[in-house]
Each structure stands twice: as C-alpha cells, then as structure tokens.
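Q: If you want this note's numbering, it's the position in the sequence shown, counting the first as 1, plus 1.
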Amino acid sequence: MSAARPAVTVTAFDPARLPAMADLWVATWAATYPAIDFARRRGWFTDRITAFVEDGVAVPLAFVGSDLAGLVTVDPAGGWIDQMLVGLAFQGGGAGAALMAEARRLSPNGLSLDVNADNGRAIAFYRREGFVRTGGRINGQGAAIDIMTWTPAR
Numbered sequence: 002m003s004a005a006r007p008a009v010t011v012t013a014f015d016p017a018r019l020p021a022m023a024d025l026w027v028a029t030w031a032a033t034y035p036a037i038d039f040a041r042r043r044g045w046f047t048d049r050i051t052a053f054v055e056d057g058v059a060v061p062l063a064f065v066g067s068d069l070a071g072l073v074t075v076d077p078a079g080g081w082i083d084q085m086l087v088g089l090a091f092q093g094g095g096a097g098a099a100l101m102a103e104a105r106r107l108s109p110n111g112l113s114l115d116v117n118a119d120n121g122r123a124i125a126f127y128r129r130e131g132f133v134r135t136g137g138r139i140n141g142q143g144a145a146i147d148i149m150t151w152t153p154a155r
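Dropping the structure here:
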C-alpha cells in the first residue's frame, strides 16, 4: 500500500514565492516545448506576474504539501486566464482542477484563455474542466492558438 498523497491546497499569491513560480514555469514549459529557451524568458515571466498583481489580477498558487505545484492568473473583471500551469510531477493529481475551481470562484460569470493548438494534454484538461473552443488565431511567433471559454450553466 502506498502512502497517501498530500492534499492540494490553493493560496493567494505571495511575492516571496515568485522565484519558485518562475522555476516551475521554466521547467514546465521547457519540458512541453524543448526547442524554446524558456530560461531566457524567466525575466519576462516575473515582470508579467508582478504587473498582473499590480493591476489587480489574482494569482492563486496550488501546493501539494509544501511543494508549489501550479499557478493560474485570473482577471476577475473579464475572466481572462493568461497563465495556467501545473508542474510535471503534479499533473494528474488534482492541482489543475483545484486551480480551475478557484478561477471559477474568482470569475463566476465565465473564463477564457488561449492555448497552443498543438498542446493536446492542455486542451484535453480544459475540455474536462468544461471549456469549449470558441475561436482560433495565429500568434506573433506563427503558432496556431485555440481560444477556449468556460461559461457557467444557467
């Protein structure tokens, strides 16, 4: 019999966690898209999160035990999710679902996000969470992007 996995907890953003958030962001994206140097983009990520927080965007953090497992950014005014990720070691363990539950709590009228059209794992996760594809576009780097939206049942 294996030991029980620690519960997932979701907390508000803590600026002291920003370096760990950046580490998680770099590691997770580098594993997903190894041809891109995400370590070089670390400063962009930390600046973006800092600006989001200053603008009133919520940045809930998911923990499994004391380990940072994931994060999501939620603009409560419009329901936009700019960043959503769960570290590789924590995928499939409930951290993503916990973050999405918090995102829905913060923006109960709906959520929307962009996802790389070739990121099948992420798209499958969002579909399980009730998101549907509502559009698409090509980003500045030439990659296909799906626009996905969650709306509450009426």
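A virtual CB, placed ideally from N, CA and C, is assigned to each residue, including glycine. A quick note: this is a predicted structure, and the numbers were derived from the prediction, not measured.
With distances taken from CA atoms, which of 82, 27, 103 and 57 is nearest residue 46?
A: Within the sequence shown, the letter at position 45 stands for residue 46. Checked all of 82, 27, 103 and 57; the closest Cα to residue 46 is 27.
Q: How close, in whole Å, do the beta carbons of residue 111 and residue 151 come, if the pair is a contact with beta carbons under 8 Å?
A: Looking up residue 111 in the sequence shown gives position 110. Looking up residue 151 in the sequence shown gives position 150. Confirmed, about 6 Å.
Q: Rounded to whole angstroms, what is the Cα-Cα separation between residue 101 and residue 130?
A: Taking the first residue of the sequence shown as position 1, residue 101 is located at position 100. Taking the first residue of the sequence shown as position 1, residue 130 is located at position 129. Cα-Cα distance, rounded: 7 Å.
Q: Assign residue 147 to buried or exposed, taking buried as 16 or more other Cβ atoms, counted over all protein chains shown, within 10 Å of its Cβ.
A: In the sequence shown, residue 147 corresponds to position 146, counting from 1. Flag for residue 147 reads buried.
Q: Since residue 14 contacts residue 60 with CB under 8 Å, what's their CB separation in whole angstroms?
A: Translated into the one-based positions of the sequence shown, residue 14 becomes position 13. Translated into the one-based positions of the sequence shown, residue 60 becomes position 59. Confirmed, Cβ separation roughly 4 Å.
Q: Under the DSSP definition of a beta bridge, which residues are partnered with residue 76?
A: Taking the first residue of the sequence shown as 1, we reach residue 76 at position 75. Its beta-bridge partners are 81.
Q: Specify whether the region 66 to 84 and the region 117 to 134 touch according to this definition: at least 3 beta carbon pairs, one from each stretch, less than 8 Å apart.
A: The region 66 to 84 vs the region 117 to 134: no contact.
Q: Let me check understanding here. Comparing Cα to Cα, which of 51, 8 and 38 lies closest to residue 22?
A: Locating residue 22 in the sequence shown gives position 21, counting from the first residue. It is 51 whose Cα lies nearest to the Cα of residue 22.
Q: In the DSSP output, what is residue 10 paired with across the bridge?
A: Numbered from 1 along the sequence shown, position 9 holds the residue referred to as residue 10. Its beta-bridge partners are 64.
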